[in-house]
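Numbering (this note's numbering), first residue to last: 303 to 463. Positions of the beta carbon are idealized from the N, C-alpha and C atoms, including for glycine. Shown next, in structure tokens, is the structure this report addresses.
The structure is reproduced here in structure tokens:
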């Protein structure tokens, strides 16, 4: 039987029950899967169906690829990229702050961050100038970076007290 150990922040090494560690890994996976499926509601219909089919319904990449008539490798890559976007801090930031933004900024955030379009594709879809899409994207990025710095400062202040 494998013996697992864990070192806590104080440098103390403790033994871990392998069954408890496995259960924790499963719980973390379940939590992440639940998060992915919940956030998939903000994706376009085709992407939402993929995420829900794979993570909630348990369909294999092969069956999803056959249904979409694409190679399994391409489907795997698409699901991985969608998952990374859904779990990103930037995606969560947009969801947290969406209501406080102007309608134009919301549209740009939805197209570029939630739906994953490039600035040029977003400008075409939204019928906005590339200049305006770029300005809103830069403002969103600046707000995001400020939020990240504030969170890091709060985290550091919390740890030191």
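**Item:** Spatial distance of residue 425 from residue 431 (CA atoms)
**Value:** 6 Å
**Asked** If you check the beta carbons only, do residue 333 and residue 395 fall under 7 Å apart?
**Response** The answer is no: Cβ separation not under 7 Å.
**Asked** Would you say the region 344-351 touches the region 413-421, given that touching needs at least three Cβ pairs under 8 Å?
**Response** yes
**Message:** By the three-class DSSP mapping on this structure, what secondary structure does residue 397 have?
**Reply:** helix
**Request:** May I have the straight-line CA-CA distance separating residue 400 from residue 434, to the nearest angstrom?
**Result:** 18 Å
**Asked** With 16 as the cutoff for other CB atoms within 10 Å, does residue 404 come out buried or exposed?
**Response** exposed
**Item:** Segment limits, alpha helix (DSSP H) that includes residue 359
**Value:** Residue 359 -> no alpha helix (DSSP H), and no H or E assigned at all.
**Message:** Do residue 388 and residue 338 have their beta-carbon atoms positioned less than 7 Å apart in this structure?
**Reply:** yes
**Message:** What does the Cβ neighbour count give for residue 447, buried or exposed, with the cut at 16 atoms within 10 Å?
**Reply:** exposed
**Item:** Distance CB(residue 436)-CB(residue 421) smaller than 7 Å
**Value:** yes
**Request:** Check whether the Cβ atoms of residue 354 and residue 340 lie closer than 7 Å to each other.
**Result:** No. Outside cutoff.
**Message:** Please report the straight-line C-alpha distance between residue 335 and residue 429, rounded to a whole angstrom.
**Reply:** So the alpha carbons of these two residues sit roughly 35 Å apart.
**Request:** With a 10 Å radius around its C-beta and 16 neighbouring C-beta atoms as the bar for buried, classify residue 407 as buried or exposed.
**Result:** buried
**Message:** Check this for me: beta carbons of residue 363 and residue 374, under 7 Å apart or not?
**Reply:** The Cβ atoms of residue 363 and residue 374 sit closer than 7 Å to each other.
**Asked** In the structure shown, what three-state DSSP assignment does residue 390 receive?
**Response** coil
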